[in-house]
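Numbered continuously in the numbering used here, the sequence shown closes out at residue 293. Contents: one structure, followed by commentary.
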Amino acid sequence: MLNNFRLILLFSLFTFIFPVHFVFADDDDFVLVEGGSFVMGSPIYERGRNSGEIQRRVRVNPFFMAKYQVTQEEYEEVMGGNPSVFRGENLPVESVSWFDAIEYCNRRSQLEGLTPVYTIDILRVDLGNLNNNSRWLVTWNRRANGYRLPTEAEWEYAAKGGDESPGDFIFSGSNNQNEVAWFSRNSGASTHPVGTKESNGLGLYDMSGNVWEWCWDWYGDYIHAARNNPIGAYSGSHRVIRGGSCYDSAGYVRSSFRYFCIPANRSIGVGFRIVRSALPENWNDTLLVP
């Protein structure tokens, strides 16, 4: 996998002139989300819209995203335990905190010979964390090639199908929530095996429903202006979660719906999905996303 990733770095310059579709040759569980731009947020007429979904144009660099939410089998192999309430190897792991997800990313990176993305310092207080509990300092090395959580912008970009949000769907891959989502009306108030609903156009499953997914960002109001690769607020009390869960109504599993959770909380119905950067963070944005 690492050798393939190095080849991607070597040849990515040519993608500006000669489009190339890169994949991990030995890992079918990730898809390349090509860089591009889209309108983040929802139109004022969208049913279920809330005031936090202000529209703005955002550009993102390419990245690799897992097709599926992290399963309980995957989590237990890396972490040595399974905190989930609903049990099953192919069910999404849930009842995990944001810190648990960060630690999973680092441990899996180390197991696969990748450079961990996060530095976790339990002796230093994160001044950006406005909570009084679990204020460990977590920093993000954007040049590292290991696993990480998506930013909120990356998550929504992928949920909407990538560049310019083809299809302009309300849910991830469809305007019919029953086709793509496990939510309150069809789930029986339980999670379901990953990948059993239809995928979106990128081949990503369960971006709507099943379990909420942690993102990197602190939750906060959007900056209304157009942005390149935004990473959220500088501080906050909650981290972003996206996608909705098996407990939630249709409005919550829309691709634009924003929600939040205290990062130290282990809430039933909250899991995560992992990504990897496809190119160095300091690469020229105008070259990557013309």
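Quick reminder that beta carbons are idealized off the backbone N, C-alpha and C, glycines included. None of the values given here were measured: they were computed from a predicted structure.
Enclosing alpha helix (DSSP H) for residue i [first to last residue]
i: residue 294; result: Residue 294 is absent from the model: the chain starts at 4 and stops at 293.
i: residue 80; result: 75 to 82
i: residue 183; result: 180 to 183
Beta-carbon spacing of residue i, residue j below 8 angstroms
i: residue 93; j: residue 196; result: yes
i: residue 100; j: residue 271; result: no
i: residue 256; j: residue 212; result: yes
i: residue 240; j: residue 44; result: no
i: residue 2; j: residue 53; result: As shown, the chain starts at 4 and ends at 293. That puts residue 2 outside it, with no answer to give.
i: residue 71; j: residue 30; result: no
i: residue 249; j: residue 194; result: yes
i: residue 160; j: residue 41; result: yes
i: residue 139; j: residue 125; result: yes
i: residue 35; j: residue 67; result: yes
i: residue 295; j: residue 206; result: What is shown of the chain runs 4 to 293, which leaves residue 295 out entirely.
i: residue 50; j: residue 81; result: no
i: residue 132; j: residue 121; result: no
i: residue 149; j: residue 176; result: no
i: residue 261; j: residue 37; result: no
i: residue 173; j: residue 141; result: no
i: residue 147; j: residue 276; result: no
i: residue 102; j: residue 267; result: yes
i: residue 39; j: residue 166; result: yes
Residue i, enclosing beta strand (DSSP E) - first and last residue
i: residue 361; result: Given a span of 4 to 293 for the chain in the structure shown, any question on residue 361 remains unanswerable.
i: residue 68; result: 66 to 69
i: residue 186; result: Careful: residue 186 lies outside any beta strand (DSSP E) and carries neither H nor E.
i: residue 33; result: 33 to 36
i: residue 40; result: 39 to 43
Identity of the residues DSSP links to residue i by a beta bridge
i: residue 279; result: 67
i: residue 236; result: 221
i: residue 231; result: 62
i: residue 244; result: 217 and 262
i: residue 174; result: 177
i: residue 212; result: 185
i: residue 95; result: 74
i: residue 273; result: 215
Any non-hydrogen atom of the ligand SAM within 7 angstroms of residue i CB
i: residue 147; result: In the structure shown, the ligand SAM is absent, as is every other ligand, since no ligand is present at all.
* What are the start and end residues of each continuous beta strand (DSSP E) run of 3 or more residues lying completely inside the stretch 112 to 159, in chain order? -> Within the stretch 112 to 159, the complete beta strand (DSSP E) runs of at least 3 residues are 121 to 128 and 139 to 143.
* Asked: For the 8 angstroms Cβ check, are there 3 or more pairs between the stretch 91 to 106 and the stretch 71 to 83?
  -> The stretch 91 to 106 is in contact with the stretch 71 to 83.
* If we count Cβ pairs, one from each stretch, closer than 8 angstroms, do we get three or more for the stretch 61 to 70 versus the stretch 222 to 238? -> Touching, yes, given that three or more Cβ pairs across the two stretches are closer than 8 angstroms.
* Using 8 angstroms as the threshold, is the stretch 210 to 226 in touch with the stretch 234 to 246, meaning 3 or more CB pairs across them? -> Verdict: yes, contact present.
* Are the stretch 152 to 159 and the stretch 181 to 200 in contact at 8 angstroms, needing three or more beta carbon pairs? -> Not touching, per the Cβ criterion.
* Counting pairs of beta carbons, one from the stretch 165 to 185 and one from the stretch 193 to 210, are three or more of them closer than 8 angstroms? -> Because the criterion of three Cβ pairs below 8 angstroms is met, the stretch 165 to 185 and the stretch 193 to 210 touch.
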